[in-house]
Amino acid sequence: MQSMGQRACVRPEVNVVDLQTGNIGSVLKILERVGATPRCARKPSELSLSVPSVLPGVGNFGHAAAALDRSGMRPVLEEARMRGMPILGICLGAQLMCRTSEEAPGQGLGWFQTAVKRFPKAAADGTPIRVPNMGWMAIRVADGALPWVQPQGRMYFAHSCFIDPDQAGPAAAMLSVYRGTRFAALLREGSVIGAQFHPEKSHQHGMAFLGGWLTWAAGAHG
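And the structure:
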């Protein structure tokens, strides 16, 4: 029989979906730092439907959407969502949760009824907009949307396209602005969350976000 101390040290398992479109090492490391046991899943048989999942991503939307189909991960992720399992998308992973993207042809998972768009070439004053948008940016969380996140804070971003918050409606739980363009920094629909920022690159802010998500995920399916 386990003692109370032994039970308290149990580290929750988390699937980390590897579409092999980018390095996921930093995501695995930060999940370990906040107390999780991340399990890399490259094929459907490696993705447990009884634990939360993280869908990270970097690179091109079209390539990643094709990888969802090529790997066979699309239907198993859909099954996890239908079961109410918590799923967190990071950066391109969040964009994959949308319908389509102006970046490239391909179908996203369609969990959020919005599109991913390219940043305009120039701001309202006519000055060119540099992409990708890279660096620390202020974020604002809708009241009550994410109880473990401070209403205002800063996160690290690196993205060339943005998720349209107007189409997303109430699912756009966190907003930010780059050179006059409003975008959804985070989307939430039930147990599915898509974060445009990189918590694994956001130091203590990212660790606090992921630690809170782990605790929330455990309560959501425990």
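Read the sequence shown against our numbering and you will find it ends at 229, with the numbers running on by one and no gaps.
Note that CB positions come from ideal geometry on N, CA and C, so glycine has one too.
Treat the numbers as computed from the prediction; the structure is a model and nothing was measured.
Check: Considering only residues of the segment 130-194, which uninterrupted alpha helix (DSSP H) runs meet the minimum length of 4 residues and lie entirely inside it, listed in chain order?; Outcome: 172-175
Check: Quick one: Cα of arginine 88 to Cα of alanine 224, how far?; Outcome: 13 Å
Check: Leucine 56 to threonine 134, Cα distance in whole Å?; Outcome: 48 Å
Check: If we cut at 9 Å on Cβ distances, does isoleucine 94 have a partner in chain C?; Outcome: Reference to chain C is not applicable here, since this structure consists of a single protein chain.
Check: Could you tell me the alpha carbon to alpha carbon distance between valine 199 and alanine 131, rounded to whole angstroms?; Outcome: 34 Å
Check: With distance defined between alpha-carbon atoms, name the residue in Val156, Lys36 and Ala101 nearest to phenylalanine 164.; Outcome: Ala101
Check: How big is the Cα-Cα spacing for methionine 11 and valine 17?; Outcome: Unreliable placement is indicated for methionine 11, whose pLDDT of 44 sits below 50; no coordinate value is reported for it.
Check: Please report the straight-line C-alpha distance between glycine 197 and proline 127, rounded to a whole angstrom.; Outcome: 31 Å
Check: For threonine 28, name the three-state secondary structure that DSSP assigns.; Outcome: coil
Check: Can you tell me whether threonine 44 is buried or exposed, with buried defined as 16 or more other CB within 10 angstroms of its CB?; Outcome: exposed
Check: Straight-line CA distance for alanine 227 to isoleucine 136?; Outcome: 40 Å
Check: So who's on the other strand from valine 23, going by DSSP bridges?; Outcome: Cys47 and Val61
Check: Check each candidate in Gly32, Asn22, Thr28 and Gly42 and name the one with the smallest Cα separation from methionine 214.; Outcome: Gly42
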